[in-house]
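Data block below; observations after.
Numbering (the working numbering), first residue to last: 5 to 149.
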């Protein structure tokens, strides 16, 4: 699982949130240049804030990453990105938690065995997708019991 990141100057981020496409120079990190180009040619704009609480764990063998996420919330008020008092909508019923397991080479047996329980619902899941769907359709999402 390869994820990349780069620093984004606060002024640049504020401009993006305000709907402006920033200029770039030879000093601009490659990944940020790529985003700016996508904003120009594909009309990408920020449309949803996704917020959640995360407790992460790692295990070196197999590069295993396990996270517990809760309190998934969203807002389409992009201008409130830096506002600590921004209003968010809860996407799942209170008490709903998500466990995410990612690994590169192998999932150690003891972790795999710990996950074999009928109390878990296995699914492919995108927090952004579900928050965006909730915002557009006005639906509250829930898991089947």
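Backbone N, C-alpha and C fix where the C-beta goes; we use that ideal spot for every residue, glycine too.
Secondary structure of residue 53, DSSP reduced to three states: Position 49 of the chain shown, counted from the start, is the residue given in the question as residue 53. DSSP places residue 53 in strand when its eight states are reduced to three.
Neighbour-count burial assignment, residue 95, 16 or more Cβ in a 10 Å radius: In the chain shown, counting from the first residue as 1, residue 95 sits at position 91. By the 10 Å Cβ count, residue 95 comes out buried.
Backbone CA spacing between residue 98 and residue 134 [nearest angstrom]: Residue mapping note: residue 98 aligns to position 94 of the chain shown, counting from 1. Residue mapping note: residue 134 aligns to position 130 of the chain shown, counting from 1. Between residue 98 and residue 134, the C-alpha separation is close to 16 Å.
Residues sharing a beta bridge with residue 72, DSSP: The count along the chain shown starts at 1 and reaches residue 72 at position 68. Per DSSP, the beta-bridge partners of residue 72 are 59 and 103.
Beta carbon of residue 78 nearer than 8 Å to that of residue 92: Taking the first residue of the chain shown as 1, we reach residue 78 at position 74. Taking the first residue of the chain shown as 1, we reach residue 92 at position 88. The Cβ atoms of residue 78 and residue 92 sit closer than 8 Å to each other.
Unbroken alpha helix (DSSP H) run spanning residue 115, endpoints: Residue numbering aside, residue 115 sits at position 111 when the chain shown is read from its first letter. Per DSSP, the continuous alpha helix (DSSP H) segment holding residue 115 begins and ends at 113-118.
Chain-order list of residues whose beta-carbon lies under 6 Å from that of residue 19 (same chain, five-residue window excluded): As a working mapping, residue 19 is identified with position 15 in the chain shown. For residue 19, where only same-chain residues beyond five positions count, the Cβ hits under 6 Å are 26.
Buried versus exposed call for residue 103 [16 or more other C-beta atoms within 10 Å across all chains shown]: Start at 1 with the first residue of the chain shown, and residue 103 comes out as number 99. Exposed, by the Cβ-count rule.
Residue 74 and residue 101 closer than 8 Å at C-beta: The residue labelled residue 74 in the question sits at position 70 within the chain shown. The residue labelled residue 101 in the question sits at position 97 within the chain shown. Going by C-beta atoms, residue 74 is nearer than 8 Å to residue 101.
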